[in-house]
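**Student:** First, the structure itself, so that you have it in front of you.
In UniProt numbering, the protein residues as written are 1 to 696.
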């Protein structure tokens, strides 16, 4: 059958035939041979291409099989067994040739064939980069802001990913080893994507009753974590795809490949984190009670410890690169410890320092002098080192001269200086330069005729594109978090997300009430308080205890010279001009209504009032100074202390206490101010209600 059949086959059909014959059931049934017969004459098989079919079809002119055994007791192969073997090969050969991921085109010692990448594989690359590199990150941002386009975006990206996955198994042209890292990781990536889609469908059903309510508490954060991890996994798969397509990072090149791609990706990740902190994370850094250099120094120290003990293969001789990498790790963890110490001042407040920028600059200087074998590799490493030195220098200038040790250039955290973007972008560029400086890549560029200037400009272009895409995603998040698309103002002060929190409103009311108690404003007490009609502030509502306390007061009438009292602004308390001496001189006395007041109680009250006012101003100045030193903007909720955000229960309790204290203060002032005062005994209040008094 095989000698006269015309088969559609690959150039190395002999290898496939030998493999199928060795694993066929016929060989396993020859138990009388010891050892089993081996295929010997297949190596003499010489397929002759048929010119009429363009060389794709071959006629076999020599015998295909001849069994030669080492045992004299073996019997000749029966004709029926030969026919069965031929039938098995004929039925199995089309399945083996259906998907050309075999090793037939790959030379020995290589991982890829020499054929160019075909159109189907290029389409696979484009679709996967579009799905995992663009659509899924956009869908992640829309999901974080709970946008209605989150689900359609993720569905569209999943459909493209499935299409690209199947296209990756249908290509021809360049062939790869079947068990490469890109193909193995692709299966796990698709499983994670399917899990993410399944969790999203479950959450979309809104099953919240019974056991679903308990399960939902775990599924919702799991869905969010998988969505946020997907860009990192996609980046890893992109790197695996590039390595596999070129056949790089094999055998002795694996170690330096890992170092370049891991460190380069770390620099890019650091740049992305700095972009987030610069555009939307300044308020978070202030609320954390730590400086930005504190977190940077921790990472630097930890990474230095890893490099100190992993850059040299222990038990072998020390070479020049081992010394450089190990000493670089030592300076990293030493400088990181110093940066952690300098991240706080003498009073324990957050403090910025120069250590992270200095460490990056020294690292760049060391990498620029790293010895290389190829001239283009030396030029690329030199440019990488200079880029890192630029990161360090510009970062030190930013901390010391641009923001002047503050968290940012503005109090609201939304304004940035153009200089602050320079070290951020240079981190992107340094990451791409280091990832593109592996030994095999440098050899490929050197053989292609491309000079180092053009190659470096291409890498810088990639850095610009990623920098742009990162800022676009951050802008999309910021616009969707603030649905109005503009900076909302809370009492004239911009807020982070456009919606002032309930704690902010309660804190403003507390500041106003405490201001009234501590300043003890006499004119305000004598003229009276109008009921606050602002429902948004809470304390001025008719149902609040403060409104009830004010509604029961009967204040003395105003004279014609008195100015009408204005509405009380809870957010910006104002203090009237202080004229304590004139008020005391005109204050009528209980014992002598027609003469100036000589009541010692009034003088004592005046002295106590002035003392409280000085103490209040001192406390406010101290708090403002502390906030300014730690970089907090005015009105920002502290994380601890008396002005920390309160719970609803504590805020309500404090509101009642303030109302009670204000009532007692006004009652005491009424006893001093009014003439011929007769106290009227009031009814005993019911249990649980706030005590009230009337002055007639």
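C-beta: ideal position from N, C-alpha, C; glycine also.
Looking only at C-alpha atoms, which of 233, 476, 390, 106 sits nearest to residue 359?
**Tutor:** Position 359 of the chain shown, counted from the start, is the residue given in the question as residue 359. Out of 233, 476, 390, 106, 390 has the C-alpha closest to the C-alpha of residue 359.
**Student:** Just to confirm my understanding: we take residue 460, look at its own chain, exclude 5 residues before and 5 after, and list those with CB closer than 7 Å. What are they?
**Tutor:** Here residue 460 refers to the residue found at position 460 when the chain shown is read from its first residue. Within the same chain, residue 460 has close Cβ partners 429.
**Student:** At what residues does the alpha helix (DSSP H) containing residue 199 begin and finish?
**Tutor:** Residue numbering aside, residue 199 sits at position 199 when the chain shown is read from its first letter. Start and end: 181 to 204.
**Student:** In this structure, how does DSSP classify residue 550 when only helix, strand and coil are distinguished?
**Tutor:** Taking the first residue of the chain shown as position 1, residue 550 is located at position 550. Annotation note: pLDDT 43 at residue 550 (below 50); position unreliable, coordinate value reported separately. Note: residue 550 maps to helix in three-state DSSP.
**Student:** Measuring alpha carbon to alpha carbon, tell me which residue in 225, 334, 437 is nearest residue 370.
**Tutor:** Position 370 of the chain shown, counted from the first residue, corresponds to residue 370. Of the candidates 225, 334, 437, the one whose C-alpha sits nearest the C-alpha of residue 370 is 437.
**Student:** Quick check on the burial criterion: 16 or more other C-beta atoms within 10 angstroms. Buried or exposed for residue 651?
**Tutor:** Numbered from its first residue, the chain shown carries residue 651 at position 651. Burial call: buried.
**Student:** Is it true that the region 392 to 411 meets the region 350 to 357, where meeting means three or more beta-carbon pairs spaced less than 8 Å apart?
**Tutor:** As far as the Cβ criterion goes, the region 392 to 411 touches the region 350 to 357, which means the pair count is three or higher.
**Student:** What separation, rounded to the nearest whole angstrom, lies between the Cα atoms of residue 184 and residue 244?
**Tutor:** Looking up residue 184 in the chain shown gives position 184. Looking up residue 244 in the chain shown gives position 244. Cα to Cα, the separation comes out at about 11 Å.
**Student:** Determine the burial state of residue 253: buried for a count of at least 16 other Cβ atoms within 10 Å of its Cβ, exposed for fewer.
**Tutor:** Reading the chain shown from its first residue, position 253 is the one you call residue 253. Result: exposed.
**Student:** Roughly how many whole angstroms lie between the Cα atoms of residue 439 and residue 256?
**Tutor:** Your numbering for residue 439 matches position 439 in the chain shown. Your numbering for residue 256 matches position 256 in the chain shown. Distance between the alpha carbons of residue 439 and residue 256: 8 Å.
**Student:** Taking DSSP's pairing of strands, which residues face residue 176 in a bridge?
**Tutor:** Here residue 176 corresponds to residue number 176 of the chain shown, with the count starting at 1. Answer by DSSP bridge pairing, in chain order: 112.
**Student:** Report the three-state DSSP secondary structure of residue 344 (helix, strand or coil).
**Tutor:** Residue mapping note: residue 344 aligns to position 344 of the chain shown, counting from 1. DSSP places residue 344 in strand when its eight states are reduced to three.
**Student:** Report the partner residues of residue 117 according to the DSSP bridge assignment.
**Tutor:** Here residue 117 is taken as the residue at index 117 of the chain shown, counted from 1. DSSP lists 173 as partners of residue 117.
**Student:** Does DSSP classify residue 231 as helix, strand or coil?
**Tutor:** The residue given as residue 231 occupies position 231 in the chain shown. It is helical.
**Student:** Spatial neighbours of residue 473 within its chain, please: C-beta separation below 8 Å, excluding the five flanking residues on both sides.
**Tutor:** One-based indexing of the chain shown puts residue 473 at position 473. Excluding residues within five positions, the ones whose Cβ falls inside 8 Å are 137, 138, 141.
**Student:** If we call anything under 7 Å between Cβ atoms a contact, is residue 271 one with residue 450?
**Tutor:** On the chain shown, residue 271 is found 271 positions in, with the first residue counted as 1. On the chain shown, residue 450 is found 450 positions in, with the first residue counted as 1. Result no, Cβ atoms of residue 271 and residue 450 do not sit closer than 7 Å.
**Student:** Please classify residue 212 as buried or exposed, where buried requires at least 16 other C-beta atoms within 10 Å of its C-beta.
**Tutor:** Taking the chain shown and counting its residues from 1, the one referred to as residue 212 is at position 212. Exposed: under 16 other Cβ atoms inside 10 Å.
**Student:** So residue 314 is in the alpha helix (DSSP H); what residue range does that whole segment cover?
**Tutor:** What you label residue 314 is simply residue 314 of the chain shown in a count that begins at 1. Per DSSP, residue 314 belongs to no alpha helix (DSSP H) and is neither H nor E.
**Student:** Let me make sure I understand the geometry here. Which of 469, 168, 465 has the alpha-carbon closest to that of residue 123?
**Tutor:** For this step, residue 123 is matched to residue 123 along the chain shown. Among 469, 168, 465, the Cα nearest to that of residue 123 belongs to 168.
**Student:** Sorted by chain position, which residues of the same chain lie with C-beta nearer than 7 Å to residue 420's C-beta, five sequence neighbours on each side aside?
**Tutor:** The sequence position of residue 420 within the chain shown is 420, counting from 1. Closer than 7 Å at Cβ, skipping near neighbours: 278, 398, 402.
**Student:** Let me check understanding here. Comparing Cα to Cα, which of 129, 476, 655 lies closest to residue 149?
**Tutor:** Against the chain shown, residue 149 aligns to sequence position 149. The shortest C-alpha separation from residue 149 is found at 476.
**Student:** Using C-beta distances below 8 Å, list every residue in its chain close to residue 366, excluding the 5 sequence neighbours before and after it, in chain order.
**Tutor:** Taking the first residue of the chain shown as 1, we reach residue 366 at position 366. Excluding residues within five positions, the ones whose Cβ falls inside 8 Å are 324, 328, 385.
**Student:** Excluding five sequence neighbours on each side, which residues of the same chain lie with their C-beta closer than 6 Å to the C-beta of residue 480?
**Tutor:** On the chain shown, position 480 is the one that residue 480 refers to. Excluding sequence neighbours, residue 480 sits near 145, 147.
**Student:** Is residue 131 buried or exposed, if buried means 16 or more other CB atoms sit within 10 Å of its CB?
**Tutor:** Counting from 1 along the chain shown, the entry for residue 131 is found at position 131. Flag for residue 131 reads buried.
**Student:** Could you round the C-beta distance between residue 280 and residue 478 to whole angstroms and report it? I think they count as a contact, below 8 Å.
**Tutor:** Indexing the chain shown from 1 puts residue 280 at position 280. Indexing the chain shown from 1 puts residue 478 at position 478. Yes, they are in contact, since the Cβ atoms of residue 280 and residue 478 sit about 6 Å apart, within 8 Å.
**Student:** State the Cα-Cα distance for the pair residue 247 and residue 237, rounded to the nearest angstrom.
**Tutor:** In the chain shown, the residue the question calls residue 247 occupies position 247. In the chain shown, the residue the question calls residue 237 occupies position 237. Between residue 247 and residue 237, the C-alpha separation is close to 15 Å.
**Student:** Can you tell me whether residue 336 is buried or exposed? The criterion is at least 16 other CB atoms within 10 Å of its CB, across all chains shown.
**Tutor:** Reading the chain shown from its first residue, position 336 is the one you call residue 336. Its Cβ being crowded by 16 or more others within 10 Å, residue 336 is buried.
**Student:** Roughly how many whole angstroms lie between the Cα atoms of residue 293 and residue 655?
**Tutor:** Residue numbering aside, residue 293 sits at position 293 when the chain shown is read from its first letter. Residue numbering aside, residue 655 sits at position 655 when the chain shown is read from its first letter. Spanning the two alpha carbons is a distance of roughly 40 Å.
**Student:** Thinking just about the alpha-carbon of each residue, which of 196, 207, 308, 178 is nearest to the one in residue 106?
**Tutor:** Sequence index remark: in the chain shown, residue 106 carries index 106 (1-based). Ranking 196, 207, 308, 178 by Cα distance to residue 106 puts 178 first.
**Student:** What's the call for residue 275, buried or exposed, on a 16-neighbour Cβ count within 10 Å?
**Tutor:** In the chain shown, the residue the question calls residue 275 occupies position 275. By the 10 Å Cβ count, residue 275 comes out buried.
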